[in-house]
Amino acid sequence: MTIQPKYDVVVIGAGLGGIAAALRLKKMGLSILVVEKNPRHGGKLEEWEWEGYRWDRGPSLFTLPEQVDELFELYGKNPREFFKYKKIDNCCHYYFNDGTNFLFRGNIEDRNEDFIKHFYEREGQAAIAYLKKADKTYNAIGGLFIDNPKYGLKNIFDKALLKRYPLLMTKMVRGSLNALNSDTFENPNLVQLFDRYATYNGSDPFRTSGLYSMISHLESNNGTFFPDKGMRSIADSLYDLAVEEGVEFSFNQTVTANREGSGYKVNLNEDNVIADRLVSAIDCVKFYENVINDKPLTKRYGSKERSSSAIIFYWAVDKVIPELQLHNIFFSPSYQQEYHSLFRLNKIDATPSVYIHVSSVVNSEDAPKNGQNWFIMINAPAGVTPSEEQKEKLRILVYKLIQEKFAVDITKSVLYEKIWDAAGIEEETGAYAGALYGASSNAKLAALTRHGNASKKYKNLYFVGGTVHPGGGLPLVLKSSKIVANIIEKEK
């Protein structure tokens, strides 16, 4: 591909946020170049393969699929001709430390029945009411914050915000998520189950606002989905659409940029490009550090407490454990101790919760007939790379969990292993300190202090992706690209 000397917009980063932003801006009639440091597109939506086994490298939870559909519909195309997915019957299988387990089903009527059957009338009804309230909170507040540019002090008297002050001032918002859940439920397993939603943005349920209880709405009331060809196919299908519609991509590029007039001079490996506008679709700290070389802003945003990172084991297992669902959580004995270790002691807890994702449960081609592809994720502090001794302890922990829960010995059934940790996440995706969601949401006003979508310091500079407003996770990343497109359209 021949790179042109000038573009209306240069997008830095070909992950999901960058591709989505490029598609929306291209539809506005702008010339777009997307530059990427890696050999191909996708960012965290990469994949691994080994002898008939396939793993999605990064995100495993897929909600609000209509946001992907919307990008195809923007160009008048039928999304199902390019990208297919299915709704999953079972959202997640939870295994508690007391030996009990709970299958969180997608069908609301079935799930409500299960809540009462498993947790009895009072607690079951409390869980049902909790999810209804999460739905109400999301629709009352969620859309206002995640569909629009970030609210700040100058917006405190906006009519849309004033109407919601009674809800924003409630105990739910002022207290922590754990405090809200502890006030709602007597059963500690239900508290732990709903505390888990803080992990969706890599935060501490004992510190993050109870407002984030609305996260449960997306999975519980809207449903969980999975692409027919795995999570990687989200990036592939949108990349193919972008290329078809004339978005230009250039890979293996080291990028720096500096102001030139009202635009930017973008310096690539062998070319210099002039851009009227610049969109950062990479970690905002890395952008300031490596692309624009702004030391004060690097320090300002780099000093914010990071979200959690992870250590992920990708295992090719030559056994099939039929009880395992697409998503499985094995809770730690003490969530409070686990998150104290993560955010206060800056270390992996000795007995952490374990998440096991098995895509071959719904996509049989992801593993041989008598095997399963396990994606095992354990929370880790940002910037902390586990030692070989720690990795071995975590392997043994998983072996014991499987033996205790299913009476199956898998110590000799792991045919292949690949590991991804904070150092690898930072190196391969550019995530500062390997944090999966940028800055944490532990502070009560984190949503108001998160990096915005348009630079206050640099004209015609914009930000999309999981480290900026409205936050991390696929739905919010896609929301950020729409917010930026709307800002630029209004400016035009």
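Oh and the sequence shown: position 441 is 1918 in the numbering used here, straight run, nothing missing.
Ideal placement from N, C-alpha and C gives every residue a C-beta, glycine not left out.
Cut-off 6 Å between Cβ atoms - residues of its own chain near residue i, not counting five sequence neighbours on either side
i       : result
Asn1744 : Thr1733
His1946 : Lys1627, Arg1927, Gly1929, Asn1930
Asn1655 : Asp1672, Pro1682, Phe1683
Gly1949 : Asn1678, Tyr1914, Gly1943
Arg1599 : none
Ile1692 : Tyr1674, Tyr1677
Per-residue burial, residue i [other beta carbons within 10 Å of its own, 16 or more giving buried]
i       : result
Arg1684 : buried
Glu1523 : buried
Lys1564 : exposed
Leu1922 : exposed
Gln1730 : buried
Leu1548 : buried
Val1486 : buried
Ala1899 : buried
Gln1849 : buried
Gln1880 : exposed
Thr1906 : buried
Pro1516 : exposed
Gly1529 : exposed
Lys1889 : exposed
Ile1960 : buried
Leu1639 : Model confidence at Leu1639 stands at a pLDDT of 47, short of 50, so the residue's coordinates are unreliable; what they give is reported in the following sentence. By the neighbour-count rule (16 or more Cβ atoms within 10 Å), Leu1639 is not buried but exposed.
Arg1821 : exposed
Ser1864 : exposed
Ile1496 : buried
Glu1513 : buried
Ser1841 : exposed
Thr1661 : buried
Pro1536 : buried
Lys1503 : buried
Tyr1484 : buried
Pro1952 : buried
Asn1847 : exposed
Tyr1571 : buried
Tyr1812 : buried
Spatial neighbours of residue i in its chain, beta-carbon cut-off 7 Å, leaving aside the 5 residues before and after
i       : result
Ala1908 : Asp1760, Ile1902
Asn1937 : Ser1739, Gly1740, Asp1753, Arg1754, Leu1755
Pro1482 : Val1750, Ile1751
Asp1624 : Lys1956
Ala1467 : Residue 1467 cannot be examined here, being either before or after the span of the chain that is shown, 1478 to 1969.
Lys1763 : Gly1907, Tyr1909
Ala1787 : Met1854, Ile1855, Asn1856, Ala1857, Leu1913
Asn1746 : Gln1730, Thr1731
Pro1829 : Ser1809, Glu1815, Ile1855, Asn1856
Asn1963 : none
Tyr1876 : Ile1887, Thr1888
Tyr1642 : Residue placement at Tyr1642 is flagged as unreliable, the pLDDT there being 44, under the threshold of 50; a coordinate-derived value is accordingly withheld.
For residue i: DSSP bridge partner residues
i       : result
Leu1580 : His1570
Val1885 : DSSP output for Val1885 lists no bridge partner at all.
Ala1787 : Asn1856
Leu1510 : Val1487, Glu1725
Ala1751 : Note that residue 1751 corresponds to Ile in the displayed sequence, not to Ala. Answer by DSSP bridge pairing, in chain order: Lys1483, Lys1742.
Lys1895 : Tyr1791
Leu1493 : According to DSSP, Leu1493 bridges with nothing at all.
Val1756 : Val1488, Tyr1939
Ala1931 : Tyr1939
Ala1900 : Paired residue(s): none; Ala1900 is not in a bridge.
Ala1916 : Arg1783
Ser1957 : Answer is none; Ser1957 lacks a bridge partner.
Gly1949 : BP columns for Gly1949 are empty, so no partner.
Ser1653 : Ser1686
Glu1524 : Asp1533
Gly1519 : Gly1492
Contact test: residue i Cβ vs the ligand MN heavy atom, cutoff 8 Å
i       : result
Tyr1615 : Ligands displayed in this structure: none; no statement on the ligand MN is therefore possible.
Chain-order list of residues whose beta-carbon lies under 8 Å from that of residue i (same chain, five-residue window excluded)
i       : result
Glu1966 : Met1505
Val1768 : Ile1489, Val1732, Thr1733, Ala1734, Ser1757, Ile1759
Asn1574 : Phe1808, Ser1809, Pro1810
Gly1519 : Ala1491, Gly1492, Leu1493, Arg1709, Ala1712, Asp1713, Tyr1716
Below-9 Å beta-carbon distance, residue i vs any chain D residue
i       : result
Glu1737 : This model lacks chain D altogether, as it is built from one protein chain only.
Considering only residues of the stretch 1687-1736, which uninterrupted alpha helix (DSSP H) runs meet the minimum length of 4 residues and lie entirely inside it, listed in chain order?
Qualifying alpha helix (DSSP H) stretches, in chain order: 1692-1697, 1709-1721.
Would you check if the stretch 1789-1800 and the stretch 1550-1559 touch, i.e. whether three or more CB-CB distances between them fall below 8 Å?
Proximity of the stretch 1550-1559 to the stretch 1789-1800 falls short of the contact definition, fewer than three beta-carbon pairs being nearer than 8 Å.
Sequence ranges, beta strand (DSSP E) only - wholly within the stretch 1795-1861, length at least 3:
Entirely contained in the stretch 1795-1861, the beta strand (DSSP E) runs reaching 3 residues are, in chain order, 1804-1807, 1831-1835, 1849-1857.
Every unbroken beta strand (DSSP E) within the stretch 1527-1578, with a cutoff of 3 residues, ordered by chain:
List check, beta strand (DSSP E) in window: 1530-1533, 1562-1564, 1567-1572.
Would the stretch 1579-1587 count as touching the stretch 1714-1722 if we require 3 or more Cβ pairs under 8 Å?
The stretch 1579-1587 is not in contact with the stretch 1714-1722.
Does the stretch 1706-1713 come close enough to the stretch 1488-1499 to have 3 or more Cβ pairs within less than 8 Å?
For the pair of segments examined, the stretch 1706-1713 was found to touch the stretch 1488-1499: the number of CB pairs separated by less than 8 Å reaches three.
For the structure I just gave you, are there three or more beta carbon pairs, one from the stretch 1877-1887 and one from the stretch 1776-1783, closer than 8 Å?
Using a Cβ-Cβ distance cut-off of 8 Å, the stretch 1877-1887 and the stretch 1776-1783 are not in contact, since fewer than three pairs of beta carbons, one from each stretch, lie closer than that value.
Decide yes or no for the touch test of the stretch 1532-1546 against the stretch 1689-1703: beta carbon pairs closer than 8 Å, at least 3 of them.
Yes, the stretch 1532-1546 touches the stretch 1689-1703.
Just checking, does the stretch 1502-1509 make contact with the stretch 1768-1779 on the three C-beta pairs under 8 Å criterion?
The stretch 1502-1509 makes no contact with the stretch 1768-1779: fewer than 3 CB pairs, one atom from each, lie closer than 8 Å.
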